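Residue numbers (this note's numbering): 2 to 151. Quick reminder that beta carbons are idealized off the backbone N, C-alpha and C, glycines included. The structure displayed is predicted, hence computed values, not measured ones.
Printed below as a string of structure tokens:
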């Protein structure tokens, strides 16, 4: 009896742990088809989705200073976060791009092996109003294509 109870409790805990990490077939890592240095990571829970974009960008002449010292690297690793909802195979996402200079909304359409993202609106963020970033131009980029690699 005690063994049966332990098994049932263990199985219930395993189910609860597994179900709290709900995933969709679209979760994973995608590589940018136009750039060897750009990836997105997709994570869902029910109809909620977050997407992080990781890029390696050239940074010649950019000085970074911290408590440990200063460095002028040849490249910088960046990441940007978008969040929103998933309906069927399409996600409506919003967030900031271009070093937080631009507020964006985009649609991402998924298949089992790829995603295609299109910026539907873009405007300057509070930080972007003091820069020369042309945020509305993001809507003219056309579809951004990514292949699922994990």
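Notebook entry, point to check: Hey, would you say residue 59 sits closer than 7 Å to residue 76, going by beta carbons?
Noted result: Within the chain shown, numbered from 1, the residue matching residue 59 stands at position 58. Within the chain shown, numbered from 1, the residue matching residue 76 stands at position 75. The answer is yes: Cβ separation under 7 Å.
Note to self: So, under 8 Å CB-CB, residue 147 and residue 41 are touching, yes? Tell me the CB distance rounded to an integer number of Å.
What the structure shows: Reading the chain shown from its first residue, position 146 is the one you call residue 147. Reading the chain shown from its first residue, position 40 is the one you call residue 41. Contact flag correct, Cβ pair sits at about 6 Å.
Item checked: Beta-carbon contacts of residue 21 that lie in its chain and below 7 Å, excluding the five residues immediately before and after -> In the chain shown, residue 21 corresponds to position 20, counting from 1. Any reading at residue 21 must be qualified, since the residue scores a pLDDT of 49, below 50, and its modelled position is unreliable; no value is offered.
Next item on the list: Would you grab the beta carbon distance between residue 85 and residue 98 for me? Rounded to a whole angstrom, and I think it's under 8 Å.
Entry: Locating residue 85 in the chain shown gives position 84, counting from the first residue. Locating residue 98 in the chain shown gives position 97, counting from the first residue. Residue 85 to residue 98, Cβ: 14 Å. No contact.
Checklist line | Exposure of residue 151, with buried meaning 16 or more beta-carbon neighbours within 10 Å | finding: In the chain shown, counting from the first residue as 1, residue 151 sits at position 150. The residue in question, residue 151, is exposed, as its Cβ has fewer than 16 Cβ neighbours within 10 Å.
Next item on the list: With DSSP collapsed to three states, give me the class of residue 1.
Entry: Residue numbering for the chain in the displayed model covers 2 to 151; residue 1 lies beyond these limits and cannot be assessed.
Next item on the list: Return the residue from the list 39, 35, 43 that minimises the CA-CA distance to residue 27.
Entry: Taking the first residue of the chain shown as position 1, residue 27 is located at position 26. Cα-wise, what sits closest to residue 27 is 43.
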